[in-house]
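full-length UniProt numbering puts the first residue of the sequence shown at 1, with every later residue one more than the last.
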Amino acid sequence: MEGLPRHPDRAACTRRGGVNVRVTVVGRLDTETLIEWNGALRASCVEDRVGVWWPSDETVLAQFADPLPGRRRWALVHRAEDGSLAGAADVSAGPGEPAEVTIGVLPAHRRRGIGTVLWEAARELLADEAPSVVQSETWSQAGVAFAECCGLAVGNSELRMLRSAVAPAPDRHAAADVEIVTWTGAVPDDLMHDWVRLNTRMREDVPIGELTRRVTSLDAEWVRAHEKRMTDQGWILVRAMARLAGEGVGYTVLFVAADGDEIVVQDDTFVERAHRGRGIAGLLKSENLRQLSALPASAAARWVQTTTAVDNHPMLALNRAIGFEVADRSYALEGRFAVS
């Protein structure tokens, strides 16, 4: 499905404080404005936070050139009177799934109603999709207050944690019968069945607080399409799977920018409930960090970043034990979508 709105030139206009303001939808092939849009979101959301991963311009262009099947996405920009970008919003929706809205206003343009204008423009676009709920994420109490004014409520909170990318991989141990298989790139064919099964269970099990859980149907075709999309966006997937008696019981994933970046992203780590408490998660993470250190693309990395729900105490304890420290906290919010 196309990532463009049905009317690419559509704009949301309103009047606040006697001044006409205008929000426009960026065409998915308008590379210059998409790069400008990404820069505005990055500047407004990252600010002074340390070691924050943000999508590169190349990644964003690849995402808009090849949208997720069945999901529509819009890039909204708000310009100041001099034509410079004052704010931006990232809006997406898909059938039967929560819509997502991320809004960023540059510091020099805050407290002028721009965030509200962007929110109303997002709601106008989403009206055609009629999602049941809308989700958003913020890293500040001011962002939480704004989202609550828009009718959303905090449903989950995560701690963003950082570990030095050049620190040696920790020595971790698990039960003697645990085998760790590591690889870079595509899932080996002989591991695909276990990979699909474990990823499906992770999506059913990962702590998300009071947020609406997404239902994703995974199969080998989905995995291969996802791998291609990630490669096209400039990622190298560094992965490990734990096996017992020849069957996969857990896995972990690192995302590494192929062209070098100071941030490596520690994504999923999952162990089946029946096998927890045996040191498997720690062994998975340590072996994958060891694999990372041998990857040339990681040479520029300064930090490994991960996020963990504030109530996921076992994973928080493990992350701290292998060298991660809390950098800041994010808040995921959700609200019912209603057309006023």
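Beta carbons are placed, not taken as given, at the ideal position from N, Cα and C, and that holds for glycine.
Predicted model only: the values in this text are computed from it and were never measured.
Counted within 10 angstroms of its Cβ, other Cβ atoms place residue i as buried (16 or more) or exposed
i      : result
GLN266 : buried
VAL215 : exposed
PRO98  : buried
GLY248 : buried
ARG72  : buried
LYS228 : exposed
CYS149 : exposed
GLU94  : Checking the sequence, you will find Gly at residue 94 rather than Glu. Buried, by the Cβ-count rule.
ALA299 : exposed
VAL238 : buried
ALA122 : buried
ALA44  : Rather than Ala, the amino acid found at residue 44 in this sequence is Ser. Buried, because 16 or more other Cβ atoms sit within 10 Å of the Cβ of SER44.
ALA294 : exposed
GLN305 : buried
GLU92  : Checking the sequence, you will find Ser at residue 92 rather than Glu. By the neighbour-count rule (16 or more Cβ atoms within 10 Å), SER92 is buried.
Cβ-based neighbour list, residue i, same chain, cut-off 8 Å, excluding 5 preceding and 5 following
i      : result
ARG302 : GLY51, SER164, ALA165, VAL166, GLU262 and ILE263
ASP232 : ALA62 and ASP66
GLY250 : LEU198, MET241, ALA242, THR269, PHE270, VAL271, GLU272, HIS275, ILE280, ALA281 and LEU284
MET230 : LEU237 and PHE255
Contacts around residue i, its chain only, beta-carbon distance under 6 Å, and the 5 residues preceding and following it disregarded
i      : result
LEU4   : Here the model assigns LEU4 a pLDDT of 25, short of 50, so the residue's position is not dependable and the matter cannot be decided.
GLY335 : VAL134, GLY151 and LEU152
ALA88  : TRP37, ALA40, LEU41, VAL77 and GLY104
ARG278 : ALA174 and ALA175
First through last residue of the beta strand (DSSP E) which encompasses residue i
i      : result
GLN233 : Note, GLN233: premise wrong, no beta strand (DSSP E); not H, not E.
GLU334 : 325-336
HIS275 : Element bounds for HIS275: n/a, residue is neither H nor E.
LEU76  : 72-79
LEU85  : 85-93
LEU254 : 247-257
Contacts around residue i, its chain only, beta-carbon distance under 7 Å, and the 5 residues preceding and following it disregarded
i      : result
ARG290 : ALA169
ARG10  : With a pLDDT of only 33 at ARG10, under the threshold of 50, the placement of this residue in the model should not be trusted; the figure read from the coordinates follows. Hits under 7 Å: VAL25.
PHE337 : ALA99, LEU126, PRO131, SER132, VAL133 and VAL134
ILE208 : ASN156
VAL326 : LEU159 and MET161
TRP54  : ARG42 and VAL46
THR308 : GLU158, LEU159, MET161, MET315, LEU316 and ASN319
Run of the alpha helix (DSSP H) containing residue i, from where it starts to where it stops
i     : result
SER44 : 31-46
ALA62 : 57-65
Requested in this report: Report the residue ranges of all beta strand (DSSP E) runs contained in full by the stretch 120-183; include only those spanning at least 3 residues, in chain order.
Outcome: 133-138 and 153-164
Query raised in the report: Okay, do the stretch 76-92 and the stretch 311-329 touch, 3+ Cβ pairs below 8 Å being the bar?
Result: no
Query - Three-pair Cβ contact test at 8 Å for the stretch 322-332 versus the stretch 145-162 - result: yes
Query raised in the report: Could you give the uninterrupted runs of the alpha helix (DSSP H) lying entirely in the stretch 288-330, keeping only those of 4 residues or more?
Result: 313-321
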